[in-house]
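Here is the structure we will look at.
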Amino acid sequence: MDFELDPPRGVGPLRLGMTAEEATSTVDTLNRDRPSGLRFDVGFGAAGPTLHRVNAIEVWRPSVPDDVVRFRDVDVFGLPAKEVVARIRRHAALEEFESGSGYAAKDLYLAFWRPFVADDDPGEEEGYFFQTVAVARPGYGDTPAEAAARIAAGGEPGY
0 MDFELDPPRG VGPLRLGMTA EEATSTVDTL NRDRPSGLRF DVGFGAAGPT LHRVNAIEVW
60 RPSVPDDVVR FRDVDVFGLP AKEVVARIRR HAALEEFESG SGYAAKDLYL AFWRPFVADD
120 DPGEEEGYFF QTVAVARPGY GDTPAEAAAR IAAGGEPGY
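The sequence shown runs contiguously to residue 158 in numbering that gives the first Met the number 0.
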């Protein structure tokens, strides 16, 4: 099955802003029905308008390629991390963090992660491919000063 990353709205049937009950039911169904090993996790807001609502969705790389996760036709788990970064940069500004283990498009809140970098060793799958991708509400990764500026400009906090 194909799942489309749709920041800042969600991933497939999981939507940012879902209630805890809706999200738990959806995650349980998705994780149970994925023989590939693809896994979904959600994070909930801690205060304000996101309290007990989904404010982040993380998708874990499948162990077999039966499920595909895409962002604008880029297979984020099927292509080498280095190629994913190059292709995503055609659509969004990516900032590198953790010495190349992670990348984030803060304007979309779309983030990619792997535990270490092994761009020259396809046999080292955990470092050659991204292992997780996350979609979150705008403002999710804000510093306190960024959150204050977002609220002052009429936006909602990411909590």
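Glycine included, C-beta positions come from ideal geometry on N, C-alpha and C. Fair warning: this is a prediction, and the values are worked out from it, not measured in the lab.
Listed in chain order, the alpha helix (DSSP H) runs fully inside the segment 42-115 are 80-87, counting runs of at least 4 residues.
Beta-bridge annotation (DSSP): V26 is not paired with any residue.
C-alpha of R113 to C-alpha of P137: approximately 22 Å in a straight line. Annotation for M0: D66 place their beta carbon closer than 7 Å to its own, counting only its chain and skipping 5 residues before and after. Non-local beta-carbon contacts of D40 in its own chain, meaning distances under 6 Å to residues more than five positions away in sequence, involve E57 in chain order. With respect to the 9 Å criterion, P12 and L37 are not classified as neighbours on the basis of their beta carbons.
DSSP places E124 in the uninterrupted alpha helix (DSSP H) bounded by 124-127.
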